[in-house]
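First to last, the sequence lines map onto chains A and B. Take the position in the first sequence, starting the count at 1, then add 189; the result is the number in the working numbering. Take the position in the second sequence, starting the count at 1, then add 189; the result is the number in the working numbering.
There are 2 protein chains.
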Amino acid sequence: MKLQVALDRISLNEAINQATKLNGNVDIIEIGTSLIKDYGNMAIEKIASVASKSQILVDSKTIDEGAYEFKQAFSYGADIVTVMGAASYQTLTACYEVAQQYNKTMMIDLLNLNHEQIATIDNFSQAIYLIHHSVDANEELSAVTEISKFKTLHEHIQRIAIAGGIDYETTSDLSQQGVSEIVIVGSKIIKSKNVIDTTRKFMEVLNV
Amino acid sequence: MKLQVALDRISLNEAINQATKLNGNVDIIEIGTSLIKDYGNMAIEKIASVASKSQILVDSKTIDEGAYEFKQAFSYGADIVTVMGAASYQTLTACYEVAQQYNKTMMIDLLNLNHEQIATIDNFSQAIYLIHHSVDANEELSAVTEISKFKTLHEHIQRIAIAGGIDYETTSDLSQQGVSEIVIVGSKIIKSKNVIDTTRKFMEVLNV
C-alpha cells in the first residue's frame, strides 16, 4: 500500500517547503485543488521540481474539458490526475485516453456518487478509484468495512484509494486488509509537530 | 438579457487583451475554468483590473471546499462564481452563504444533471441556474424550446443563464422569449475577426 500526503489550503511557499520535506519520504505528494485554483500550473511545476523522488498527484477534480486539463497537468509534471466520477462518460473517456497517451494515471474521485452510478463507470481498468470515507456520515462504518463493502459491490475495480479522516490506526488496519492501493492522509501528517517523523511512522505501518 | 463572453483555453496575455477590448462593451466577462487552473487567482486579479466596467464571472466549477473557493474568487475580484450542481447540498449551501456575505452571486452549473436532480437544488432563490444547451445532443431542440421546457419543470427558478453553441440568431430568439437573464457566448465572439464589432452586434440584438 502507498501513502499519499495531501497539501491543501496553504500558501505555495509553505507547500514547497512541505514537499521538500516529504520528497522521497512518501510515495505520492498530492497538490490539492486549492493550490491549483490559487496558483495554477506554476504550483505543479514548482512542487514537482523539489519532489522528484515521490510521485506527484494533481487533484484537478476535472469535470469538463477533460483532455485539456489532463494534458496541462501531465505536461507540468503530474504523474496522477483526478477527474470527478460525476463528470460525463465522454469526459472520463477523454481523461483516460490522455493518461494512456502520457503513460500516466487517472484517478476517479467518487465523491457524491451512489453505487449504481459507480457501476456505470467501473470499466477504466488502469484507473484508480478514490473512495471518500466520510467520518461524519458513517460513524459506525470503519474504513476497512467500507472498503470490503465496496469491493463486494464492484469486484471489477482493482485499483482503490481511500481518503477522509485517515489516522495511524486506520492505516494499519487498511494495510493488513490488503485491498487498497493508496491511503491518503492530510492534516494528520501536515499539521503534526514533526512532519518527517509522523510520515515515517505512517510509512512503517504501511509495509508491515 | 445580459451578454456574457467566455475567455477560455488561451494564454493569460491574450485573455487580458481580450478583456481590455470587451471591458464595458459586454455585461459580463467570464474567466474560464482553464484560465483559473492554468494561472490561479492571478488570472482573476489581472483580468478584473483591466475590466472594471463589466462584471467578472469566475467559472470555478467548484465541487468541494465551497466556502474556501468562493471566498478566494470573490476576494480576488469576482462578481459571480460557479459551483457544480453535482456538488453536495452542503457544498452548494456553503457557496451560497459566502455569496450572500460578499453581496455577490452564485451560479449553479447544471451540467450532467437530470430534471429530478435539478428539482432537489431549486431553492437557492438568488442563484443563477446555468443550462448547457448541447447542440450535438439536442439537434432538433432549439435553445428557446429548451428554456420553455426547463421553465415548465422548474417554475421556482427565476434566474436562468444559457450556454452552448449560442449564435446571433439564437441570441435574438432568446431575447424575444424574455425568460433568460444571461446568454453566454464564447468562440462566436472571441474567434471572430473583429471582437468589438461582433460584440456590439450581439449587444444590439439583446436589447430589442
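C-beta atoms are modelled at their ideal positions from N, C-alpha and C, and glycine is treated no differently.
{"Check": "Closer than 8 Å by C-beta to A195 of chain B: which residues in its own chain qualify, once you throw out the five before and the five after it? Chain order, please.", "Outcome": "E219, G221, D248, A352, I373, V374, G375 and I379"}
{"Check": "In the structure shown, what three-state DSSP assignment does V368 of chain A receive?", "Outcome": "coil"}
{"Check": "Determine which residues share a DSSP beta bridge with M295 of chain B and list them.", "Outcome": "B:V270"}
{"Check": "Near I355 of chain A, which residues of its chain fall below 6 Å by C-beta distance, leaving aside the five closest residues on each side in sequence?", "Outcome": "V372 and V374"}
{"Check": "Using a C-beta cutoff of 7 Å, does D311 of chain A count as contacting chain B?", "Outcome": "no"}
{"Check": "Could you pull the start and end residues of the beta strand (DSSP E) that V194 of chain B belongs to?", "Outcome": "K191 to L196"}
{"Check": "Does the beta carbon of N202 of chain B sit closer than 7 Å to a beta carbon anywhere in chain A?", "Outcome": "no"}
{"Check": "Should the region 231–244 of chain B be regarded as contacting the region 271–282 of chain B, the criterion being three or more beta carbon pairs within less than 8 Å?", "Outcome": "no"}
{"Check": "If the cut is a Cβ gap below 7 Å, which residues of chain A does S223 of chain B touch?", "Outcome": "E254 and Y257"}
{"Check": "Within 10 angstroms of the Cβ of T341 of chain A, are there 16 or more other Cβ atoms? Answer buried if so, exposed if not.", "Outcome": "exposed"}
{"Check": "Could you pull out every residue in the same chain whose Cβ sits closer than 6 Å to the Cβ of H322 of chain A, ignoring the five residues on either side in sequence?", "Outcome": "A332, E335, I351 and G353"}
{"Check": "State buried or exposed for S369 of chain B, treating a residue as buried only when at least 16 other CB atoms are found within 10 Å of its CB.", "Outcome": "buried"}
{"Check": "Quick check on the DSSP output: the alpha helix (DSSP H) that includes S223 of chain A runs from which residue to which?", "Outcome": "T222 to Y228"}
{"Check": "Between which residues of its own chain and F259 of chain B is the CB-CB distance below 6 Å, once the five residues before and five after are set aside?", "Outcome": "V270, C284 and V287"}
{"Check": "Does G229 of chain B have its Cβ less than 7 Å from a Cβ in chain A?", "Outcome": "yes"}
{"Check": "Starting from the C-beta of L211 of chain B, find all residues in its chain whose C-beta is less than 6 Å away, skip the five residues before and the five after it, and write them out in chain order.", "Outcome": "V194 and I218"}
{"Check": "Chain B beta carbons: is any one of them nearer than 7 Å to that of N303 of chain A?", "Outcome": "no"}
{"Check": "Less than 7 Å between CB atoms is the rule here; does M392 of chain A satisfy it with respect to chain B?", "Outcome": "no"}
{"Check": "Mind listing the chain B neighbours of A275 of chain A? Cutoff is C-beta to C-beta under 8 Å, in chain order.", "Outcome": "I252, M273, A275 and N301"}
{"Check": "What do you reckon, are the CB atoms on A267 of chain B and I236 of chain B nearer than 7 Å?", "Outcome": "no"}
{"Check": "DSSP state of I378 of chain A, grouped into three classes?", "Outcome": "helix"}
{"Check": "Could you have a look at Y265 of chain A and say whether DSSP puts it in helix, strand or coil?", "Outcome": "coil"}
{"Check": "Hey, quick one: how far does the alpha helix (DSSP H) through K390 of chain B stretch, first residue to last?", "Outcome": "V384 to L395"}
{"Check": "On a Cα-Cα basis, can you pick out the residue from A:V394, A:T309 and A:K338 that is closest to A364 of chain A?", "Outcome": "Inspection of the sequence shows that residue 364 of chain A is occupied by Ser rather than by Ala. When each option's Cα is compared against that of S364 of chain A, the closest is A:V394."}
{"Check": "Please classify G274 of chain B as buried or exposed, where buried requires at least 16 neighbouring CB atoms within 10 angstroms.", "Outcome": "buried"}
{"Check": "Name the residue from B:D227, B:L201, B:V272 and B:G213 whose alpha carbon lies nearest to the alpha carbon of T388 of chain B.", "Outcome": "B:G213"}
{"Check": "Using a Cβ-Cβ cutoff of 7 Å, what residues of the region 354–387 of chain B are near chain A? List them in chain order.", "Outcome": "none"}
{"Check": "Could you check what DSSP says for I310 of chain B in three-state terms: helix, strand or coil?", "Outcome": "coil"}
{"Check": "Looking only at its own chain, which residues have a Cβ that is under 7 Å from the Cβ of F391 of chain B, when we skip the five neighbours before and after it?", "Outcome": "L192, Y357, T360, V374 and I378"}
{"Check": "Rounded to the nearest angstrom, how far is the Cβ of V272 of chain A from that of G255 of chain A, given a contact under 8 Å?", "Outcome": "6 Å"}
{"Check": "Using a Cβ-Cβ cut-off of 7 Å, state whether K226 of chain A counts as contacting chain D.", "Outcome": "Among the protein chains of the structure shown, namely A and B, there is no chain D."}
{"Check": "Around the Cβ of L330 of chain A, are there at least 16 other Cβ atoms within 10 angstroms (buried) or fewer (exposed)?", "Outcome": "exposed"}
{"Check": "What three-state label does DSSP hand L281 of chain A in the structure shown?", "Outcome": "helix"}
{"Check": "Looking at the structure shown, is Q315 of chain A part of a helix, part of a strand, or coil, going by DSSP?", "Outcome": "coil"}
{"Check": "Quick check on this structure: which residue in B:R198, B:L299, B:N206 and B:I205 has the alpha carbon closest to the alpha carbon of Q261 of chain A?", "Outcome": "B:R198"}
{"Check": "Rounded to the nearest angstrom, how far is the Cβ of K250 of chain A from that of I297 of chain B, given a contact under 8 Å?", "Outcome": "With 8 Å as the limit, K250 of chain A and I297 of chain B do not qualify as a contact, their Cβ atoms being about 17 Å apart."}
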